[in-house]
Amino acid sequence: MNGVRRVGVLGGMGPAATADFYRRLIAATGAATDQEHLPVAIWADPRTPDRTAALLDGGPDPRPWLASGTRWLVDAGCEVLAMPCNTAHAFLATVRAEAGDAYVVDMVEQTAAAVAARHPGARAAVMATPGTVRSGLYTRALGRRGLEPVVPDEGRQRLITAAIRAGKAGADPREAAAVLTPVLESLVAAGADVVVTACTELPLLHHHSGDWPLPVVDSTEVLATTTVELAQAGPPDRGETPCPRTTVPAPNR
């Protein structure tokens, strides 16, 4: 495959979600031989501080880790960067500032665009971490495309958070997925037309929960497909001057 761009994956948030993203990347490539797959470098440091805790509770700042990982990928020659963690997109400016000429895929914007293309004018339910929900990332991205965001109430959000944490902790995925049943029922009752799995841990549970009562737009799938397209065809011209590197300190090792 001549002319393809090397992909960099800013991962580890969490490890299973990063592995799932790489699996999707491989599947989306459409390769018939080893040599037809994309060159990929994966940076996965699970010590990156919790993004939701940083956003909502004054927890440790993940930006030094994200900056360090981005520099590592750029130094490895990556030209298209993907970050399979929706909540980390609240810190996307840090990644882009470190990326230089490398193109950083915006997972949130691409997922919102996919929802609009597949379900125009829909009421889109957002299942995500509290950090993603409270940051308003999806509310804004969906709203700009004429979609009506549906955000679970506080009680249902606690169930989503519990399912995400159970999945991260290695619980039986079928049991963790079962926690989401009342959430999905409430979203149907609220008039949602489609569910956005806006946390990369949730698709791992969806696979073990049978059919959901609403169509699903999977943010991991969207990111993988978009990344492959950009790596094979080349990123669009951003019309931007490459950003200088930030002065965020590297994390203590």
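Following UniProt numbering, the numbering of the sequence shown begins with 1 at its first residue and continues without gaps. By construction, the Cβ of each residue, glycine as well, lies at the ideal position given by its N, Cα and C atoms.
Own chain, CB closer than 6 Å to residue 228, minus 5 neighbours either side, in chain order: Taking the sequence shown and counting its residues from 1, the one referred to as residue 228 is at position 228. Same-chain partners within the cutoff: 28 and 29.
Close-in-space but distant-in-sequence residues of the same chain around residue 214 (CB under 8 Å, 5 per side omitted): As a first step, residue 214 is located in the sequence shown; it is residue number 214 there, counting from the start. Cβ within range, chain order: 125, 184, 187, 188, 192, 193, 194 and 195.
Top-ranked residue by Cα proximity to residue 204, from 19, 100 and 10: For the purposes of this step, residue 204 is taken as residue 204 along the sequence shown, with counting starting at 1. Among 19, 100 and 10, the Cα nearest to that of residue 204 belongs to 19.
Span of the alpha helix (DSSP H), counted from its first residue to its last, around residue 107: By one-based count along the sequence shown, residue 107 stands at place 107. For residue 107, the uninterrupted alpha helix (DSSP H) run begins and ends at 107–118, by DSSP.
Bridge partners - residue 42, DSSP secondary structure assignment: In the sequence shown, residue 42 corresponds to position 42, counting from 1. The partner list for residue 42 (beta bridge, DSSP) reads 9.
Residue 202 vs residue 83 beta-carbon contact at 8 Å: Working through the sequence shown from its first residue, we reach residue 202 at position 202. Working through the sequence shown from its first residue, we reach residue 83 at position 83. Result no, Cβ atoms of residue 202 and residue 83 do not sit closer than 8 Å.
With 16 other Cβ atoms within 10 Å as the buried cut-off, status of residue 101: As a position in the sequence shown, residue 101 is number 101, starting the count at 1. So residue 101 counts as exposed.
Bridge partners - residue 124, DSSP secondary structure assignment: For the purposes of this step, residue 124 is identified with residue 124 of the sequence shown, where counting begins at 1. Paired residues: 149 and 194.
Exposed unless 16 or more other CB atoms sit within 10 angstroms - verdict on residue 211: Looking up residue 211 in the sequence shown gives position 211. In this structure residue 211 is exposed. Its beta-carbon is surrounded by fewer than 16 other beta-carbon atoms within 10 angstroms.
Sufficient close CB pairs (3 or more, under 8 Å) joining the stretch 215–227 to the stretch 159–177: Result no; under three Cβ-Cβ pairs closer than 8 Å.
Nearest neighbour of residue 68, chosen from 60, 179, 45 and 80 [CA to CA]: In the sequence shown, residue 68 corresponds to position 68, counting from 1. Nearest option by C-alpha distance: 45.
Residues near residue 143 in its chain [Cβ-Cβ closer than 7 Å; skip 5 each side]: Locating residue 143 in the sequence shown gives position 143, where the first residue counts as 1. If we look at residue 143 and ignore the five residues flanking it on each side, its Cβ neighbours are 149.
Reduced DSSP category for residue 290 - H, G, I as helix; E, B as strand; rest coil: Past the boundaries of the shown model lies residue 290; the chain is included only from 1 to 253, so the question cannot be answered.
Own chain partners of residue 16 with C-beta closer than 8 Å, once the 5 adjacent residues on each side are dropped: Counting from 1 along the sequence shown, the entry for residue 16 is found at position 16. Result list for residue 16: 167, 168, 201 and 204, in chain order.
Integer-rounded CB distance, given that residue 55 should sit under 8 Å from residue 90: Against the sequence shown, residue 90 aligns to sequence position 90. Against the sequence shown, residue 55 aligns to sequence position 55. Going by Cβ atoms, the distance from residue 90 to residue 55 rounds to 6 Å, so yes, they are a contact pair.
Selected residue, minimal CA-CA separation from residue 58, among 92, 47, 131 and 80: Within the sequence shown, the letter at position 58 stands for residue 58. Closest by alpha carbon: 131.
7 Å Cβ shell around residue 250 - same chain, five flanking residues per side excluded: Indexing the sequence shown from 1 puts residue 250 at position 250. Confidence in residue 250 is poor, its pLDDT being 38 and thus under 50, which makes the residue's placement too unreliable to answer from.
Complete beta strand (DSSP E) runs within the stretch 155–215 (minimum length 3 residues, chain order): 194–197
Which of helix, strand or coil DSSP assigns to residue 61: The residue given as residue 61 occupies position 61 in the sequence shown. It is coil, neither helix nor strand.
Contact check, residue 223 vs residue 80, beta carbons under 8 Å: The residue given as residue 223 occupies position 223 in the sequence shown. The residue given as residue 80 occupies position 80 in the sequence shown. Cβ atoms of residue 223 and residue 80: not closer than 8 Å.
Host alpha helix (DSSP H) of residue 99 (start-end): Here residue 99 refers to the residue found at position 99 of the sequence shown. Where residue 99 is concerned, the enclosing alpha helix (DSSP H) stretches over 92–99.
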